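Okay, so the sequence shown: first residue is 19 according to the working numbering, each after it adds one.
Note that beta-carbon positions come from the ideal geometry of N, C-alpha and C, so glycine has one too.
Only a predicted model underlies this, so the values are computations on that prediction, with no experimental measurement involved.
Structure first, commentary second.
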Amino acid sequence: MFNRVSQLRPSPAIVVSFVAVSALIGGTAAAVPNDPDSQSTSQATSQAVKKSKIRKIATNKANKAITQRAPTLEVLFAQTVADNAVATAKLADNAVTTAKLADSAVTAAKLADEAVTTAKLADSAVTSAKMAEQSVKGRELGPTQVVTNGAGIANNATNSVAVACPAGTQMVSGGGTTTLGGNDLVPMLRSFPAGNGWVVTYRNLSGAAQTITAIANCL
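Shown next, in the form of structure tokens:
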């Protein structure tokens, strides 16, 4: 029982802090009535110990007591930090981690040009839903490869021809043409994608055999 009571006893530093704060709140000590020595001592103490000095002593003692009781305690005075006071130069490398950022805290306006490079993007991080319409042009995807395949078409006949993109590439568009070019004598009846390639169908009304060609643009 004695050990338990002794553990709950305040430390000397806490006692001193309490006394100092009490003196600050209550003002200077009162002198014993009808005691000239006490009156003079009180006046001298009142002049010697200023409120600011009492406040400083109390603060120091309290800080020491808190440090002794909780040496790992960190107190953040967020309200005392002025706007833009914590500049980039004052932050250690990797100090601001993902866990310390609120959702949607880093907007596009806060990112420098070309700050987010390919190396900083996780695999499959940028999906189609995260891209604005028409933000990615064909030229930004890399060079394309044009492949063709031709076939003959007899007079007054209909024929189709198909072309496929090479392995390792992806068909992105397609079309067709004839030896007469865009001529009504060999009209195109159909033009559509098929698998990883393109198919065209023509009708030859030119009066002579012609050649039709399917075209695919592969990336």
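Practice task
Spatial neighbours of L237 within its chain, please: CB distance less than 7 Å, with the 5 preceding and 5 following residues excluded, ordered by chain position.
Solution key: L159, G160, T162, T187, Q188 and V190
Handout entry: Residue burial classification, K79 (beta-carbon count within 10 angstroms, cutoff 16)
Key = buried
Exercise for the section: Pick helix, strand or coil for A80, following the three-state DSSP scheme. Expected result: helix
Handout entry: For L129, the first and last residue of its enclosing beta strand (DSSP E)
Key = Here L129 belongs to no beta strand (DSSP E), and DSSP marks it neither H nor E.
Problem - Classification of G194 by the beta-carbon crowding that lies within 10 angstroms, buried from 16 upward - result: buried
Problem - Where the beta strand (DSSP E) containing M206 begins and where it ends - result: M206 to A212
Practice task
Closer than 6 Å by C-beta to S122: which residues in its own chain qualify, once you throw out the five before and the five after it? Chain order, please.
Solution key: none
Exercise for the section: Find the nearest neighbour of L207 within the set P184, A232, A226 and A100, judged by alpha-carbon distance. Expected result: A232
Problem - Segment limits, beta strand (DSSP E) that includes V181 - result: T176 to A182
Practice task
Indicate the three-state DSSP secondary structure (helix, strand or coil) for A232 in the structure shown.
Solution key: strand
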